[in-house]
Structure formats: C-alpha cells, structure tokens
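Protein chains in written order, with the working numbering: chain Z, 174 to 332; chain H, 23 to 413.
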C-alpha cells in the first residue's frame with residue numbers, strides 16, 4: 174500500500190511506524206485526496222476519530238490534524254496526520270464518512286479549527302456564544318468566559 | 023407555537039367547526055411542531071436535550087443538544103501526571119468504570135512499551151467482563167422502564183448489586199472503582215475472590231433467562247421494539263457506530279476478537295449478532311453478550327495464573343516522545359485513547375474516542391420518519407451515558 178501511495182504522491186507523504194502503529198504524515202494540500210483513496214481503494218471504510226493536537230511553538234504548523242482510520246477488510250488501523258497553520262482551514266471529510274460531522278464540530282469547538290466543506294460547523298459541547306477554544310495550549314485550565322457566565326447564569330464565577 | 027395553541031382552543035368550540043363545514047379545521051394546517059425533550063426528561067438518561075420537529079406524531083427532524091455535563095476531561099489530563107489522570111477516566115462512562123480504566127492503563131502501558139503481568143491480565147479480564155454484565159443490566163432495566171415495563175428494572179438492579187459487592191470487596195469502591203493501575207493492578211485478589219465470582223456466575227445464569235421470560239416474547243415489548251430504529255450495516259459503518267448496535271446490524275466485529283487485548287485471546291467465546299438492526303435485535307444481542315461474558319469469566323476464574331499482580335513500572339513515568347492509539351471493546355462500543363507524549367511526566371494531549379458520543383450521532387438517522395414514542399425507545403437502545411458523551 175505504501176509503495177502504491179508513494180508512487181502517486183512522492184514526497185507529499187511520509188509513512189512512519191511507531192510502536193507497531195502505522196501513520197502517514199501528509200501534506201495538507203493532498204490530504205483529502207489521500208483519505209479518499211484510502212477509503213475507496215484500500216478499504217479503510219471506518220473513520221474512527223478526527224482530532225487535533227496544538228503545538229503553539231511550531232511556527233506556521235501549529236496544528237496536527239489526526240484522522241484515525243480502520244479497515245474491516247484488513248483488520249488494520251492507520252493514522253493520517255497533516256500539519257496546518259493556525260487560522261488555515263482543514264478539509265472536511267463529512268462527504269466521505271458521515272461520522273466526521275460531530276467529530277469535526279468538536280474539533281472546531283475545542284481548537285477553533287475551521288473545516289472547509291463542513292455542512293454545519295457550530296460548537297457542540299460548549300454553548301454557542303462562548304468565547305475561546307479550551308484545548309488550545311494558551312487557554313488556561315481555570316479560564317472561562319466570565320462575561321458569558323455572568324449574562325447567562327447570573328453568577329460571578331462558574332467555579 | 024402560540025398560533026397552534028390558539029387555533030386548538032378555537033377548534034374546541036362547536037360553533038367554529040360548524041361555521042367552516044367542509045374545510046379542515048385550521049389547527050390541522052399547522053404541519054410542524056417543535057417539541058423540546060430534555061434536558062431533564064427521565065428517558066433521556068441524563069442531561070440530553072433533543073429538539074424534535076414533528077408532523078403530528080411523526081418525527082421530521084431531530085437535533086441533539088449536548089454538553090451539559092462537559093467537564094473538560096481532556097484539558098484536565100494535560101495538567102496531571104499519567105497516574106494522576108487514572109481516576110478521572112472512571113468518571114466518563116460511570117456505569118462501566120472498569121472498562122475505561124482498562125483502556126487507559128493499557129494505552130499508557132503501550133506508550134511505555136511494557137505489559138502487565140499475566141495474573142493482572144486475568145484479573146482485569148474478569149473484572150471488565152463483570153462490569154460489562156453490570157452495564158448491560160443497568161441498560162436493560164432502564165430501557166425496559168422507558169418502554170413501560172417496570173419489573174425488569176428491579177430484577178436487573180437486584181442482580182447488579184452482587185457485582186458491585188464483588189467490586190467493593192476487591193477495591194473498596196462500587197461505581198468509580200479505579201481498580202487498575204498503569205503496569206497491573208494495585209490490589210491482590212482477596213481471599214475467596216474466585217469462589218465469589220463463581221457463585222455469582224451460578225447465581226446470575228438463571229436470572230438472565232428470567233429477564234428473557236419477561237421480555238423476549240412479550241407482546242407489548244415486541245410491538246414497541248420490532249422494526250423500530252432500524253440501522254443497516256452500511257449506515258452503521260458510515261456513522262462510525264460500534265458495539266452491540268453495530269453487531270445487531272449483522273456485522274460480526276468485536277475488538278476482543280479482532281485485535282485482542284488483556285487476556286481475551288486465551289478464552290473461547292462467540293460474537294452474538296443480529297440481522298435486522300432494529301431495537302429488538304439490539305436487545306437480543308446484549309442479552310446474548312451477558313451470557314458470553316459469563317462464559318469468559320468462568321474460563322478465566324479457573325485459570326488465573328500465579329505470579330506478581332503489578333509489573334515493574336518506574337515511579338515517575340516519562341514515556342518517550344511519541345503517540346499511541348489504543349482501543350478496547352467497552353460495553354458501549356469502541357473506546358479509544360489517543361495519547362501524545364512530549365517526554366515529560368504529563369501527557370501532552372489525551373484524546374478519548376467515546377463510543378456514546380459517536381453512537382448518539384446515529385439518533386437522527388434512526389428516528390427519521392418514526393413516531394414520537396419511538397424516540398424514547400431509540401435513545402434507550404443506543405445505550406448512551408451522558409458523562410461519556412460530554413466528557
């Protein structure tokens with residue numbers, strides 16, 4: 174599989190293995206196409222998870238977007254990883270796997286990453302009017318949107 | 023909304039209906055009704071709010087509002103050491119705390135490149151399977167209660183108590199057990215643990231049949247569950263639905279078989295599946311799973327190996343830089359942990375892949391075009407725990 178993908182994308186992808194788990198680091202420009210090929214040609218038909226990791230110190234590549242895929246046919250998992258810049262949109266895979274809908278919404282809610290092509294990108298766990306994205310590294314653990322708390326709950330602090 | 027109420031009032035007057043003879047009463051023209059269900063509704067199993075768009079009794083559209091129980095578990099993890107985060111995972115799916123702990127401990131062990139000793143693996147398997155039965159019993163009781171049968175709730179809670187007693191004797195806690203540690207188990211089994219577990223198996227085997235006599239051929243139960251909330255295999259895969267819901271749709275897939283963890287590869291058991299993917303099949307699958315769990319426990323308790331129960335792990339855990347994804351078959355589906363280590367004592371990021379959250383997404387698809395009363399049955403059959411949905 175790796176050889177096939179290599180032939181197609183050359184240096185655009187970088188397949189790696191760590192502790193027996195395979196993952197592919199892909200260029201953000203080709204990652205949607207790569208995911209589509211993984212689904213259609215390599216039978217990775219089940220999208221387990223879509224998530225992100227924030228690295229504020231990494232210039233112009235602040236976010237890792239991680240797609241975890243599984244193939245019922247081969248009983249194998251693969252992770253696809255793309256590094257994007259803070260503020261840049263990531264491709265939405267809702268058209269490939271419906272399950273990505275809520276997973277991408279959560280990712281947007283927690284990190285503020287926009288998924289281009291998502292049908293309904295809104296907050297999911299936090300209330301709609303909330304300011305800030307809590308899983309970003311600069312967001313403090315006790316931080317909250319005190320204005321929202323005051324207006325909506327009528328108390329000084331939610332803690 | 024106000025218009026509908028007004029027109030209903032006016033329709034109650036005989037005069038009005040006579041005045042518009044031939045034409046339909048005006049309130050029948052109001053085709054859509056927005057109904058808010060929850061977050062304090064008893065059948066939503068916690069703080070789930072569902073906004074329903076109804077046409078009479080028919081559901082046109084649904085929207086789930088979640089997050090009422092959001093505690094920021096993933097954020098907390100970044101500010102705790104690996105061992106300190108362990109009790110927090112029990113508070114996600116609090117009816118299956120042991121499974122959560124197993125998934126987390128195994129994920130960190132993988133990241134540390136170690137393994138728990140065989141004795142710990144066996145004890146873990148026994149406790150996790152006991153927890154699976156407890157989770158399914160709680161599900162069965164509350165699900166039947168939602169549909170209108172009260173008795174199963176008393177039966178299942180009576181029997182679940184015996185499992186909680188074993189947990190209490192083993193580690194002191196009944197619900198949020200924190201039974202496992204990274205590298206094995208903290209506690210050695212108590213004197214008489216094997217006998218207690220065997221006694222429980224003998225006690226509960228006829229009880230599972232008893233649940234079935236109450237429901238399996240019950241006319242009301244059949245009417246309320248057969249053909250309700252149908253989910254086809256392809257839809258399940260597309261929606262990422264796992265666990266008994268996936269198996270009831272005919273996909274024979276269980277992580278305990280597909281990618282064995284703990285001590286599962288040493289035991290014989292079947293994967294029960296359904297055909298129709300409706301609420302009734304999901305009920306049958308879960309009941310069959312209770313029996314399979316008992317089968318695993320019986321084999322495991324007879325063959326617990328001797329040896330240490332805690333492996334050698336450093337006091338200060340500093341996994342090397344890297345990331346790992348590990349998942350287990352929790353009672354509700356695939357529970358995964360994606361852990362990123364930066365080489366320090368605290369995880370850089372922990373992502374929990376919650377089965378309840380992903381399965382709940384299928385609700386919209388399952389109730390589209392169904393009746394209002396079926397929404398209650400479908401929420402029950404999905405077996406969600408809001409602590410895990412919201413984290």
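The beta-carbon is built from N, C-alpha and C at its ideal position, and this holds for glycine as well.
Alpha-carbon to alpha-carbon, residue 246 of chain Z and residue 248 of chain H: 30 Å
Beta-carbon gap between residue 118 of chain H and residue 352 of chain H smaller than 7 Å: yes
Interface partners of residue 224 of chain Z on chain H, CB under 7 Å: 360 and 373
Chain Z contact for residue 433 of chain H (CB, 7 Å cutoff): Shown here, chain H extends from 23 to 413; a query on residue 433 of chain H therefore has no answer.
Of the residues H:64, H:62, H:104 and H:81, the one placed nearest residue 337 of chain H, counting alpha carbons only: H:104
Residue 330 of chain H burial status per 10 Å Cβ neighbour count (16 or more: buried): exposed
Any 3 or more C-beta pairs closer than 8 Å across the segment 300-317 of chain H and the segment 187-207 of chain H: no
Outcome for residue 176 of chain H when other beta-carbon atoms lying within 10 angstroms are tallied against a minimum of 16: exposed
Close-in-space but distant-in-sequence residues of the same chain around residue 229 of chain H (CB under 6 Å, 5 per side omitted): 181
Close beta carbons around residue 348 of chain H, own chain, < 6 Å, minus the five adjacent residues each side: 128, 129, 132 and 359
Chain Z within 7 Å of residue 82 of chain H, Cβ atoms only: no
In DSSP terms, what residue 98 of chain H is bridged to: Paired residues: none, contrary to the question.
Interface partners of residue 219 of chain Z on chain H, CB under 8 Å: 259 and 262
Cβ distance (whole Å) where residue 185 of chain H is taken to contact residue 319 of chain H below 8 Å: With 8 Å as the limit, residue 185 of chain H and residue 319 of chain H do not qualify as a contact, their Cβ atoms being about 10 Å apart.
Continuous beta strand (DSSP E) stretch holding residue 114 of chain H: start and end: Taken as a continuous stretch (DSSP letters only), residue 114 of chain H belongs to no beta strand (DSSP E), as it is neither H nor E.
Contact belief for residue 400 of chain H with residue 250 of chain H at Cβ below 8 Å, rounded distance in angstroms: 7 Å
Cβ separation of residue 96 of chain H and residue 326 of chain H, assumed to be a contact under 8 Å, to the nearest whole Å: At roughly 35 Å, the Cβ-Cβ gap does not stay under 8 Å, so residue 96 of chain H and residue 326 of chain H are not in contact.
Contact with chain Z by residue 347 of chain H, beta-carbon distance below 7 Å: yes
C-alpha gap between residue 286 of chain H and residue 206 of chain H, whole angstroms: 16 Å
First through last residue of the alpha helix (DSSP H) which encompasses residue 240 of chain Z: Residue 240 of chain Z -> not in any alpha helix (DSSP H); beta strand (DSSP E) instead, spanning 236-244.
Contact set between residue 245 of chain Z and chain H, taken where Cβ atoms lie within less than 9 Å: 259, 273, 275 and 280
Contacts that residue 371 of chain Z makes with chain H (C-beta to C-beta distance below 9 Å): What is shown of chain Z runs 174 to 332, which leaves residue 371 of chain Z out entirely.
Exposure label - residue 322 of chain H; buried when at least 16 CB within 10 Å: buried
Distance, residue 66 of chain H Cα to residue 395 of chain H Cα: 12 Å
Exposure of residue 158 of chain H, with buried meaning 16 or more beta-carbon neighbours within 10 Å: buried
Distance between residue 244 of chain H and residue 302 of chain H (C-alpha atoms, nearest Å): 7 Å
CA-to-CA distance, residue 230 of chain Z to residue 267 of chain H, given in whole angstroms: 42 Å
Bridge-paired residues (DSSP) for residue 227 of chain Z: Z:236
Beta strand (DSSP E) segments (min. 3 residues) lying fully within the segment 330-366 of chain H: 344-352 and 355-363
CA-to-CA distance, residue 387 of chain H to residue 36 of chain H, given in whole angstroms: For residue 36 of chain H, the pLDDT reaches just 44, beneath the cut-off of 50, and the residue's location in the model is therefore unreliable, leaving the point undetermined.
Anticipated Cβ contact below 8 Å, residue 405 of chain H with residue 161 of chain H, distance rounded: 5 Å
7 Å Cβ cutoff met for residue 294 of chain Z and residue 92 of chain H: no
Secondary structure of residue 324 of chain Z, DSSP reduced to three states: helix
Any 3 or more C-beta pairs closer than 8 Å across the segment 199-209 of chain Z and the segment 177-186 of chain Z: yes
Option nearest residue 310 of chain H by Cα separation, candidates H:292, H:364, H:113 and H:297: H:292
Residue interval of the beta strand (DSSP E) (run including residue 188 of chain Z): 186-191
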